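Colleague: This is the structure I have questions about; it appears just below.
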Amino acid sequence: MSDTTASSAPQPAGATAAVVLADGTVFWGRGVGATGEQVGEVVFSTGLTGYQETMTDASFAGQIITFTFPHVGNVGANPEDMEATTPAARGCILRADITEPSNWRAAQHLSDWLRSMNLIGVTGIDTRAVTRRIRDHGAPNGVIAHHPDGVFDIPALVAMAKAWPGLEGMDLARDVTCAQTYQWSQTRWSLKDGYGTLTEPKYKVVAVDYGAKKNILRSLADQGCEVTVVPATATAEDILRHNPDGIFLSNGPGDPAATGEYAVPVLQEIVKTGKPVFGICLGHQLLSLALGAKTYKMDKGHRGSNQPVKDLKTGKVEITSQNHGFGVDRASLPAGVVETHVSLFDNSVEGIAVDGKPIFSVQYHPEASPGPQDSHYLFKRFTDLMDEAKG
Numbered sequence: 003m004s005d006t007t008a009s010s011a012p013q014p015a016g017a018t019a020a021v022v023l024a025d026g027t028v029f030w031g032r033g034v035g036a037t038g039e040q041v042g043e044v045v046f047s048t049g050l051t052g053y054q055e056t057m058t059d060a061s062f063a064g065q066i067i068t069f070t071f072p073h074v075g076n077v078g079a080n081p082e083d084m085e086a087t088t089p090a091a092r093g094c095i096l097r098a099d100i101t102e103p104s105n106w107r108a109a110q111h112l113s114d115w116l117r118s119m120n121l122i123g124v125t126g127i128d129t130r131a132v133t134r135r136i137r138d139h140g141a142p143n144g145v146i147a148h149h150p151d152g153v154f155d156i157p158a159l160v161a162m163a164k165a166w167p168g169l170e171g172m173d174l175a176r177d178v179t180c181a182q183t184y185q186w187s188q189t190r191w192s193l194k195d196g197y198g199t200l201t202e203p204k205y206k207v208v209a210v211d212y213g214a215k216k217n218i219l220r221s222l223a224d225q226g227c228e229v230t231v232v233p234a235t236a237t238a239e240d241i242l243r244h245n246p247d248g249i250f251l252s253n254g255p256g257d258p259a260a261t262g263e264y265a266v267p268v269l270q271e272i273v274k275t276g277k278p279v280f281g282i283c284l285g286h287q288l289l290s291l292a293l294g295a296k297t298y299k300m301d302k303g304h305r306g307s308n309q310p311v312k313d314l315k316t317g318k319v320e321i322t323s324q325n326h327g328f329g330v331d332r333a334s335l336p337a338g339v340v341e342t343h344v345s346l347f348d349n350s351v352e353g354i355a356v357d358g359k360p361i362f363s364v365q366y367h368p369e370a371s372p373g374p375q376d377s378h379y380l381f382k383r384f385t386d387l388m389d390e391a392k393g
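Under my numbering, think of the first position of the sequence shown as 3, with each following residue one higher.
This is the structure in C-alpha cells:
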C-alpha cells in the first residue's frame, strides 16, 4: 500500500492500520500484534536478521522501527532471543505480511508475540518510501495505529504526532533501567548448550544500567566477569562500595545530555578513581560528556547490523551492530581524549579513549545480538585493563 497525504488520500479497502506522520503523510497498511495507537520517532533499521532482538533493545525506547528488510517474522519468536524482559519500542513497520514461522526454535508467531508484548505492527507498507523519507528529511514524529474495524481519525492522529515533543531533551534511561541492584552470571548462547553460567569469576564488574542489553552482560560474564548491575541513578558511592575491578557503562535510549544531568557528575567521580571504565552506546556518550565533550542529535542515526567502522590505530575495518540517534561532537573532544574509531558511513565518532588511563568507549554494539562478531575483542580489552590495574 502506498503513502498518501492525509488531506487527499482515500483509505484503501482492507486497511486496518496506518502510520501517520506529523506533516500529515499517511502510510496505509494491515495491522498485526496489539491494537490501539502509539506515538514516537519513526526510524529505520537495516539489519537482515534479529528482529526480535532489535525490538527488545531498550535503546529503541520511544521509537517506531521500520525494518528495511522486506521479510520479517518468518522464523517466529522465542523466549531466548530477548534483549530485555519488556520491550521499550513503540511498534514496527513491515513490508510483507508475516508468514507462518519456519524455524526449529520458534515458539510463537511474530504477530502473537507482538500482541503479548503490547507492540503494534503494520504490514503492507512501502518501507523503501519510509526509509527514503527519513534519509532525505530526518527521523519524523509519527503515530502507528491498528484498528481492526478500519476506523481512523486521521486529523487527530496528525495532531498527536505534532504534539509529541521528540527525543531531544528526553531522559528515557530512567524508564528502562532496573528498579534495584542485581547480580548477573549468565554467559552467551551456544547451539549445543544454550545459555551457560559463570562458575569461576576472575573479575568484579559493576554495570550501570541505562537500558542494558542482556547480551552485553552475557559477554562480560563470558570473559569471567561477575557482574553487579546497578540502576542508572546509582551514585558513585553506590557503585564503588562493591569494590569493583572495573565499571561498565551500558547502552540506552534518549538524549545523553538529559540523562547526563544526573549521570555525568557520578561518572566524573568514577574517572577520578583510576579504575578501568568501558562504555557502549549511551554509556559512550555519557562518558564523553563527563570528560568534557558535547553530544548532538543526528539527522538519521545509525541502526542495523551492517555498519562499517575503522579502528584508527590498527587500520582494521569492523562490520558492527549499531543503534543510536545521538553522537559525540568530534570538535568538542578535550585534550587527552583521543578518537579511536570512526564510521565509514558518515565519518562520525565511533570510539574514544583517555590518554594514560584505562578508560575507553565505543558508539557501536560489540556484543551484537543481532549482528556480526567482529568487535567481541573489546570485552577482552576491558579485562586486560583490569588485569593491568590489579598488577
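Ideal Cβ positions, reconstructed from N, Cα and C, are used throughout, including at glycine.
Here the structure is a predicted model, which means the values were calculated and not measured.
Going by DSSP, what residues sit across from R97 in a beta bridge?
Modeller: Here residue 97 refers to the residue found at position 95 when the sequence shown is read from its first residue. DSSP output for R97 lists no bridge partner at all.
Colleague: DSSP state of M84, grouped into three classes?
Modeller: In the sequence shown, residue 84 corresponds to position 82, counting from 1. Coil at M84, not helix or strand.
Colleague: Do P360 and E390 count as a contact pair if the criterion is CB distance below 9 Å?
Modeller: If you number the sequence shown from 1, residue 390 lands on position 388. If you number the sequence shown from 1, residue 360 lands on position 358. Yes, the pair counts as a contact, with Cβ atoms nearer than the cut-off.
Colleague: Could you name the residues of the same chain whose beta carbon sits closer than 8 Å to that of T237, not counting the 5 residues immediately before and after it, in chain order?
Modeller: Numbered from 1 along the sequence shown, position 235 holds the residue referred to as residue 237. Closer than 8 Å at Cβ, skipping near neighbours: V268.
Colleague: Can you check whether the CB of H343 is closer than 9 Å to the CB of D313?
Modeller: Here residue 313 refers to the residue found at position 311 when the sequence shown is read from its first residue. Here residue 343 refers to the residue found at position 341 when the sequence shown is read from its first residue. Yes, they are a contact pair.
Colleague: I'd like to know whether the C-beta atoms of P278 and F154 end up nearer to each other than 9 Å.
Modeller: Translated into the one-based positions of the sequence shown, residue 278 becomes position 276. Translated into the one-based positions of the sequence shown, residue 154 becomes position 152. Taking 9 Å as the Cβ cut-off, P278 and F154 do not qualify as a contacting pair.
Colleague: At the level of alpha carbons, what is the spacing between I95 and T101?
Modeller: Taking the sequence shown and counting its residues from 1, one reaches residue 95 at position 93. Taking the sequence shown and counting its residues from 1, one reaches residue 101 at position 99. Looking at the two C-alpha atoms, the distance is approximately 15 Å.
Colleague: CA-CA distance, L169 and P157?
Modeller: The count along the sequence shown starts at 1 and reaches residue 169 at position 167. The count along the sequence shown starts at 1 and reaches residue 157 at position 155. In a straight line, the C-alpha of L169 is about 23 Å away from that of P157.
Colleague: Grouping DSSP H, G and I as helix and E and B as strand, with all else coil, what is L314?
Modeller: Mapped onto the sequence shown, residue 314 falls at position 312. Of the three classes helix, strand and coil, the one that applies to L314 here is coil, per DSSP.
Colleague: Within the continuous beta strand (DSSP E) that includes N217, where are the two ends?
Modeller: Numbered from its first residue, the sequence shown carries residue 217 at position 215. It is not in any beta strand (DSSP E) - N217 instead sits in the alpha helix (DSSP H) that spans 216-224.
Colleague: Decide yes or no for the touch test of the stretch 274-293 against the stretch 248-262: beta carbon pairs closer than 8 Å, at least 3 of them.
Modeller: Result yes; three or more Cβ-Cβ pairs closer than 8 Å.
Colleague: Name the two residues that bound the continuous alpha helix (DSSP H) containing I272.
Modeller: By 1-based counting over the sequence shown, the position of residue 272 is 270. Start and end: 258-274.
Colleague: State yes or no: is the C-beta of V44 within less than 9 Å of the C-beta of P167?
Modeller: Working through the sequence shown from its first residue, we reach residue 44 at position 42. Working through the sequence shown from its first residue, we reach residue 167 at position 165. Their beta carbons are not under 9 Å apart, which means V44 does not touch P167 by this criterion.
Colleague: In whole angstroms, what is the alpha-carbon distance linking T6 and I66?
Modeller: Within the sequence shown, the letter at position 4 stands for residue 6. Within the sequence shown, the letter at position 64 stands for residue 66. Note that T6 scores a pLDDT of 48, beneath 50, so its modelled location is shaky and nothing firm can be said.
Colleague: Quick one: using the 10 Å Cβ neighbour count with 16 as the cut-off for buried, is V22 buried or exposed?
Modeller: If you number the sequence shown from 1, residue 22 lands on position 20. The residue is buried, with at least 16 neighbouring Cβ atoms inside 10 Å.
Colleague: On a Cα-Cα basis, can you pick out the residue from Q324, L346, V364 that is closest to P374?
Modeller: As a working mapping, residue 374 is identified with position 372 in the sequence shown. Closest by alpha carbon: Q324.
Colleague: According to DSSP, is T6 part of a helix, a strand, or is it coil?
Modeller: For the purposes of this step, residue 6 is identified with residue 4 of the sequence shown, where counting begins at 1. Here the model assigns T6 a pLDDT of 48, short of 50, so the residue's position is not dependable and the matter cannot be decided.
Colleague: So R92 and I136 are in contact, right, with Cβ under 8 Å, and what is the actual spacing, rounded?
Modeller: Counting from 1 along the sequence shown, the entry for residue 92 is found at position 90. Counting from 1 along the sequence shown, the entry for residue 136 is found at position 134. That pair is no contact at about 15 Å.
Colleague: Could you name each continuous alpha helix (DSSP H) segment of 4 residues or more that falls completely within the stretch 274-343, going from the start of the chain to the end?
Modeller: The qualifying runs are 284-293.
Colleague: Kindly indicate the opening and closing residues of the beta strand (DSSP E) around P374.
Modeller: As a first step, residue 374 must be located in the sequence shown, where it is residue number 372. Segment: none, P374 is in no beta strand (DSSP E) and carries neither H nor E.
Colleague: By DSSP, does F71 sit in helix, in strand, or in coil?
Modeller: Within the sequence shown, numbered from 1, the residue matching residue 71 stands at position 69. Correct three-state label for F71: coil.
Colleague: Which word fits K274, buried or exposed, when buried means at least 16 other C-beta atoms lie within 10 angstroms of its C-beta?
Modeller: Counting from one through the sequence shown, the residue named residue 274 turns up at place 272. K274 is exposed by the Cβ-count criterion.
Colleague: Given a threshold of 16 other Cβ atoms within 10 Å of its Cβ, counted over all protein chains shown, does Y184 qualify as buried or as exposed?
Modeller: By 1-based counting over the sequence shown, the position of residue 184 is 182. Y184 comes out exposed.
Colleague: Between the alpha carbons of Y264 and T87, how many angstroms are there, rounded?
Modeller: Taking the sequence shown and counting its residues from 1, one reaches residue 264 at position 262. Taking the sequence shown and counting its residues from 1, one reaches residue 87 at position 85. Those two C-alpha atoms are separated by around 25 Å.
Colleague: Could you check the C-alpha separation between A11 and G42 for me, to the nearest Å?
Modeller: The residue given as residue 11 occupies position 9 in the sequence shown. The residue given as residue 42 occupies position 40 in the sequence shown. Whole-angstrom Cα-Cα distance: 23 Å.
Colleague: Only counting the same chain, and skipping five residues up and downstream in sequence, which positions put a Cβ closer than 8 Å to that of K299?
Modeller: In the sequence shown, counting from the first residue as 1, residue 299 sits at position 297. Contacts found: L169, E170, D257, G327, F328.
Colleague: Starting from I156 and walking both ways along the alpha helix (DSSP H), at which residues does that stretch end?
Modeller: As a working mapping, residue 156 is identified with position 154 in the sequence shown. Note, I156: alpha helix (DSSP H), 156-165.
Colleague: With DSSP as the reference, label R383 as helix, strand or coil.
Modeller: The residue you call residue 383 lines up with position 381 of the sequence shown. In this structure, R383 counts as helix in the three-state DSSP scheme.
Colleague: Per DSSP, what kind of secondary structure is A147 in: helix, strand or coil?
Modeller: By one-based count along the sequence shown, residue 147 stands at place 145. A147: strand per DSSP, three-state reduction.
Colleague: For the beta strand (DSSP E) that R32 lies in, which residues bound it at each end?
Modeller: Against the sequence shown, residue 32 aligns to sequence position 30. It spans 27-35 - the beta strand (DSSP E) in which R32 sits, taken as one unbroken run.
Colleague: At what residues does the beta strand (DSSP E) containing T125 begin and finish?
Modeller: Walking along the sequence shown from the start, residue 125 turns up at place 123. Run containing T125: 122-125, per the beta strand (DSSP E) assignment.
Colleague: So T125 and V34 are in contact, right, with Cβ under 8 Å, and what is the actual spacing, rounded?
Modeller: Along the sequence shown, one-based indexing puts residue 125 at 123. Along the sequence shown, one-based indexing puts residue 34 at 32. Correct: roughly 6 Å between the Cβ atoms.
Colleague: Across which residues does DSSP place E228 in a beta bridge pair?
Modeller: Indexing the sequence shown from 1 puts residue 228 at position 226. The partner list for E228 (beta bridge, DSSP) reads K206.
Colleague: Alpha carbons only, please: which of G64, A60, E55 is nearest the one belonging to V74?
Modeller: Working through the sequence shown from its first residue, we reach residue 74 at position 72. For V74, the nearest C-alpha among the options comes from E55.
Colleague: Count the other CB atoms within 10 Å of the CB of N217; is the residue buried (16 or more) or exposed (fewer)?
Modeller: Your numbering for residue 217 matches position 215 in the sequence shown. Classification for N217: buried.
Colleague: Smallest Cα separation from D25: which of Q13, K164, P103?
Modeller: Within the sequence shown, the letter at position 23 stands for residue 25. Checking every option, the nearest Cα to that of D25 belongs to K164.
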